[in-house]
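So the structure is just underneath, and the comments pick up after that.
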Amino acid sequence: MQPVSLFWRIFALNAVVLGTATALLLWAPVTVSVPVVLTEAVVLVAGLAVMLVANAALLRLGLAPLDRLTKLMTTVDLLRPGQRLPASGGGEVAEVMRTFNAMLERLEQERATSSAQALLAQEAERRRIAQELHDEVGQTMTAILLGLKRAADDAPAPLRQELHEVQEITRESLDEIRRLVRRLRPGVLDDLGLVSALTSLTEDFATHTGLQVTRRFDTELPALAPETELVVYRVAQESLTNVARHANGRRVTLALRHTDDSVVLTVTDDGSGIKAPREGAGIRGMRERALLIGGSLEITPAPRTGTRVQLTAPVSRKSSDHA
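Note that UniProt numbering gives residue 58 to position 58 of the sequence shown, counting from 1, and the numbers run on in steps of one.
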């Protein structure tokens with residue numbers, strides 16, 4: 001059966017309203033005098049009002065799918081996939097909705113592919129920079145420290161004190177470079193695994209911010225794919241950075257637990273809290289990383305005060321069997 005176009009459906013709605021009004025005028029025992037009597041004018045105005053209301057209601061019903069489409073088009077976010085419109089039946093409106101859903105599907109796939117390529121390139125660049133800092137700058141500053149030590153041992157007392165001060169400044173700079181290298185590419189993640197990497201991350205965070213950090217890790221966590229471990233680590237890193245910059249809190253809890261088919265990372269602080277998370281570059285970056293591994297990210301107010309960031313990362317059947 002050929003579907004009825006939107007034009008003919010609207011035409012039919014108006015025809016029904018006008019035909020009903022005409023029938024009422026023909027059969028109603030009402031005549032129009034010249035000049036018009038007040039009661040006749042009241043009846044005509046009331047009839048016109050009924051026609052307008054009925055026409056508006058029918059048009060609203062017929063165009064409601066387009067209103068839903070317009071609303072979704074203005075609010076859709078590719079970082080929150082799965083937003084679709086029901087597109088049952090035939091006709092032009094249903095076809096437009098199916099086309100829009102297909103477009104969203106294609107855009108989400110293209111966004112996921114491009115995000116994955118960008119994040120992989122970003123990690124490769126971080127690895128390269130970390131390697132250069134470690135091999136070139138770090139070794140150079142280590143050599144400078146050794147030279148300063150030898151010079152201080154042979155220098156007279158007044159100069160020896162100044163050399164010791166320069167040596168201490170150089171050592172602090174070397175420690176800062178090593179900390180930057182760990183942030184750029186956490187070697188402990190590759191060598192000792194996710195739990196050790198998160199432990200090192202939180203200890204370093206507590207040392208440099210003065211905040212109290214509580215860790216809660218399940219005793220038996222499944223083996224995760226390397227890209228999943230990296231995403232969990234990066235989300236934890238960004239969450240702690242946001243706590244230090246914006247939360248104004250004193251305590252942070254980092255938890256990692258295992259559900260039936262996923263690993264859940266939760267970072268909760270006792271800071272000022274949020275009413276609605278600002279979708280800055282950091283938060284959107286975390287969402288993109290979550291989508292990269294087929295996970296999800298939720299940012300909500302904590303039960304009492306503060307903010308809770310929760311990443312749900314799926315565990316592949318292969319990894320679970322291996323564990």
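The beta-carbon is built from N, C-alpha and C at its ideal position, and this holds for glycine as well. These figures come from a predicted structure and were not determined experimentally.
Which residues in the same chain have their Cβ closer than 6 Å to the Cβ of residue i, if we skip the five residues on either side of it in sequence?
i    : result
Q83  : V76
L44  : none
A323 : With a pLDDT of 44 at A323, under the threshold of 50, the modelled position of that residue is not reliable, and the figure given next carries that caveat. Once the five neighbours on either side are set aside, the close Cβ partners of A323 are P222 and A223.
R257 : D218 and V264
M51  : V17 and A21
R245 : none
A102 : none
Q95  : Gln is not the amino acid found at residue 95; the sequence shown has Glu there. Result list for E95: empty, nothing under 6 Å.
A247 : D269 and G271
S196 : V188
H208 : none
Excluding the 5 residues flanking residue i on each side, which residues of the same chain have their C-beta closer than 7 Å to its C-beta?
i    : result
R171 : L145
H164 : A152
A23  : none
L72  : Q83 and L85
A130 : V181, L184 and R185
K149 : Q167
F100 : L69 and L85
Taking Cβ positions, are residue i and residue j nearer each other than 8 Å?
i    : j    : result
L194 : Y233 : yes
V243 : G271 : yes
V181 : L240 : no
A112 : R98  : no
S200 : V213 : no
E177 : G138 : A small fix is needed here, since residue 177 is Ile in this sequence, not Glu. Yes, the Cβ-Cβ distance between I177 and G138 is below 8 Å.
Q237 : T266 : no
L254 : R215 : yes
S262 : P303 : no
L211 : V166 : no
R127 : R185 : yes
G249 : G306 : yes
E108 : P81  : yes
G273 : P301 : yes
Could you spell out the range, first to last residue, of the alpha helix (DSSP H) harbouring residue i?
i    : result
P158 : A157 to L184
V232 : P226 to N242
T140 : Q139 to D154
Q122 : E92 to E132
R216 : Taken as a continuous stretch (DSSP letters only), R216 belongs to no alpha helix (DSSP H), being part of the beta strand (DSSP E) at Q212 to F217.
E288 : A281 to L292
Looking at the unbroken beta strand (DSSP E) that takes in residue i, where does it start and where does it end?
i    : result
L256 : R251 to H258
L309 : The sequence given here places Val at residue 309; Leu does not occur at that position. Segment T307 to P314, the beta strand (DSSP E) holding V309.
I299 : S296 to P301
V188 : Counting along the chain, V188 falls outside any beta strand (DSSP E), though it belongs to the alpha helix (DSSP H) covering G187 to L192.
L265 : S262 to D269
Give me, in chain order, the residues of the same chain whose beta-carbon lies closer than 8 Å to that of residue i; leave out the 5 immediate sequence neighbours on both sides.
i    : result
E227 : L292 and I293
L13  : N55, L58, L59 and G62
R68  : L85
V231 : R289, A290, L292, I293, G295, L311 and A313
A155 : L163
E142 : A quick correction: the sequence has Thr, not Glu, at residue 142. Once the five neighbours on either side are set aside, the close Cβ partners of T142 are L174.
So is residue i buried or exposed if we call it buried at 16+ other beta carbons inside 10 Å?
i           : result
V16         : exposed
G147        : exposed
P35         : exposed
V53         : exposed
V42         : exposed
M286        : buried
residue 325 : Because the chain in this structure spans residues 1 to 323, residue 325 falls outside the shown range and cannot be described.
G19         : exposed
R308        : buried
P65         : buried
F205        : buried
T70         : exposed
L104        : buried
L198        : buried
T202        : buried
F11         : exposed
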